[in-house]
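The numbering of the sequence shown is the working numbering, which starts it at 1 and goes up by one.
Where a beta carbon is used, it is the ideal one built from N, C-alpha and C, also for glycine.
None of the values given here were measured: they were computed from a predicted structure.
Worksheet: the structure to be examined is printed underneath.
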Amino acid sequence: MADRITDIVAALPGVTGDKWQARQVAALLASSRSLPELAAVFDLGSPLSGVSEELRTCLAHELALRGVHVAATPGLAGWATSAHHHPLGWLPLSLVRIENEPNLATYSATGHGCTVLSGPSGTTPVPQNSAALVPTLTETTTPATAETIAAAVDNWVNQSNGSVEARVFSASEPLVTDGVPKTLTALDLECLRGPRAPLTVSQCPPDQAWRILFDAAANGGAYNLGEHGAYGRLAAWRSLAGLSGAVPSSSFAEVEARVAACQWYHFEANTTWFHHVAWDIGFACLSPDGRRLAILAATDTD
Numbered sequence: 001m002a003d004r005i006t007d008i009v010a011a012l013p014g015v016t017g018d019k020w021q022a023r024q025v026a027a028l029l030a031s032s033r034s035l036p037e038l039a040a041v042f043d044l045g046s047p048l049s050g051v052s053e054e055l056r057t058c059l060a061h062e063l064a065l066r067g068v069h070v071a072a073t074p075g076l077a078g079w080a081t082s083a084h085h086h087p088l089g090w091l092p093l094s095l096v097r098i099e100n101e102p103n104l105a106t107y108s109a110t111g112h113g114c115t116v117l118s119g120p121s122g123t124t125p126v127p128q129n130s131a132a133l134v135p136t137l138t139e140t141t142t143p144a145t146a147e148t149i150a151a152a153v154d155n156w157v158n159q160s161n162g163s164v165e166a167r168v169f170s171a172s173e174p175l176v177t178d179g180v181p182k183t184l185t186a187l188d189l190e191c192l193r194g195p196r197a198p199l200t201v202s203q204c205p206p207d208q209a210w211r212i213l214f215d216a217a218a219n220g221g222a223y224n225l226g227e228h229g230a231y232g233r234l235a236a237w238r239s240l241a242g243l244s245g246a247v248p249s250s251s252f253a254e255v256e257a258r259v260a261a262c263q264w265y266h267f268e269a270n271t272t273w274f275h276h277v278a279w280d281i282g283f284a285c286l287s288p289d290g291r292r293l294a295i296l297a298a299t300d301t302d
């Protein structure tokens, strides 16, 4: 069994030292090999003992995305429960409640493919209310916050044709749901400028926000392959953390709780900023006290 995995690893040059290749190989192995076979990757006495820790770590998180409880799986648990200092170590080695049905690519030795998501499901439309009160809003976006919010779609910009708008506003009074559409229109967001049909806003469960952001991060945009599953998961959670207003030093559990406490909205608009091909994202996140509104809009095209 180990020999078959060795062949896969050997067929992709530089895997022991190239972090990008490690992500690709980990996704390929997790999607195409059984757990007994994969245990050899985590056995430091096996013929695969020379693979990088980057590959092992990515593989552990790729398996978690596929529903494996890594820390409780024979052959994997020993490595998973030992000390590791790695950026992915911030994530738990099993899925949490809102990580619902991740859109995982299928892999083979010759390539990979995935379904293109059209948008979140299970949303509830927010009616337009012209009489809704719009509080005074002050922009508080910092470069660091914008970077964190945009983490899931950073690959669209750097590796494809994407555009991103990530902004944060502070409200003088608590904002309520029926005021969100009018408030978004009043913010003069770049993504909403110009002639357009009425803005469509829906309340969105946080699990659907995660699913769309994970898809954008892991599977990429029009002209790129994305970050693959392990780092795509990390990027999606970085975006959720930034949108929800979690402090940078927060633990995963603290971010998860903050995300669950916020109100999430999905918005669409027929403006020229969005390409309206297959890769359009519009999310707004309202803090539990209603005084912080964060926006992430992204678009890409082929």
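Residue i to residue j span [Cα, whole Å]
i, j, result
"L296", "H266", "10 angstroms"
"S202", "E62", "31 angstroms"
"A27", "A284", "31 angstroms"
"P13", "E101", "Caution applies to P13, whose pLDDT of 47 falls short of 50 and renders its modelled position unreliable; the value that the coordinates give is listed next. Roughly 32 angstroms separates the two Cα atoms."
"L55", "A83", "16 angstroms"
"V168", "L286", "10 angstroms"
"E53", "L76", "13 angstroms"
"Q24", "G179", "44 angstroms"
"H228", "P74", "25 angstroms"
"L293", "L38", "44 angstroms"
"V15", "L213", "Annotation note: pLDDT 43 at V15 (below 50); position unreliable, coordinate value reported separately. Taking the straight line from one Cα to the other gives about 27 angstroms."
"W90", "A131", "44 angstroms"
"A230", "A60", "8 angstroms"
"P181", "T123", "15 angstroms"
"W156", "L44", "37 angstroms"
"V51", "Q208", "35 angstroms"
"L225", "V255", "27 angstroms"
"T115", "Y107", "13 angstroms"
"M1", "A40", "At M1 the pLDDT is 47, less than 50, meaning the model places this residue with poor confidence; the figure from the coordinates comes in the next sentence. Using only the alpha carbons, I get a separation of about 8 angstroms."
"T185", "P127", "14 angstroms"
"A105", "G194", "36 angstroms"
"E173", "D18", "50 angstroms"
"P92", "S49", "24 angstroms"
"L22", "T81", "It should be pointed out that residue 22 corresponds to Ala in this sequence rather than to Leu. Rounded to the nearest angstrom, the two C-alpha atoms are 21 angstroms apart."
"P47", "D154", "37 angstroms"
"A253", "P206", "15 angstroms"
Residue i, enclosing alpha helix (DSSP H) - first and last residue
i, result
"E54", "53 to 65"
"D154", "154 to 159"
"R292", "Looking at the DSSP string, R292 is not in any alpha helix (DSSP H); the run it does join, the beta strand (DSSP E), is 292 to 300."
"W279", "No alpha helix (DSSP H) holds W279; the beta strand (DSSP E) holding it covers 279 to 286."
"F252", "252 to 261"
"S244", "228 to 244"
"N219", "206 to 219"
"P36", "35 to 38"
Proximity of residue i and residue j at Cβ, strictly below 9 angstroms
i, j, result
"V247", "T183", "no"
"Y223", "D289", "no"
"A218", "N103", "yes"
"A261", "I98", "no"
"E165", "L137", "no"
"H69", "S94", "yes"
"P120", "C58", "no"
"S239", "A152", "yes"
"A236", "W210", "yes"
"G221", "Q159", "yes"
"L117", "D215", "yes"
"A150", "A298", "yes"
"W279", "G162", "yes"
Which listed residue (the options) has its alpha carbon closest to that of residue i
i, options, result
"P329", "L199, R258, S32", "No information on residue 329 is available, as it lies outside the stretch 1 to 302 that the chain covers here."
"W79", "F274, F42, A241", "F42"
"L65", "A30, T123, S244, I149", "A30"
"L192", "P47, N270, P206, T142", "N270"
"L35", "A216, A72, V96, A298", "A72"
"G67", "A22, L48, V96", "V96"
"S244", "E139, Q263, D302", "Q263"
"D291", "S170, T81, Q128", "One point to set straight first is that residue 291 is Arg, not Asp, in the sequence displayed. That would be S170, whose Cα lies nearest to the Cα of R291."
"T142", "K19, G242, D18", "G242"
"W20", "E268, G232, A253, V277", "G232"
"V176", "D18, N129, A146, T148", "N129"
"E268", "A186, H275, G282", "G282"
"L187", "T140, P127, V277, L48", "T140"
"H275", "P127, S172, D302", "D302"
"T148", "S49, A22, S249, V277", "S249"
Where the beta strand (DSSP E) through residue i begins and ends
i, result
"S31", "Premise fails: S31 lies in the alpha helix (DSSP H), 19 to 32, not in any beta strand (DSSP E)."
"T200", "200 to 203"
So within the stretch 72 to 127, which uninterrupted alpha helix (DSSP H) runs reach at least 4 residues, ignoring any that extend past its ends? Runs of the alpha helix (DSSP H) inside the stretch 72 to 127: 77 to 80.
As an exercise, report each continuous alpha helix (DSSP H) stretch of at least 4 residues that is fully enclosed by the stretch 132 to 198, in chain order. 143 to 149, 154 to 159, 180 to 186
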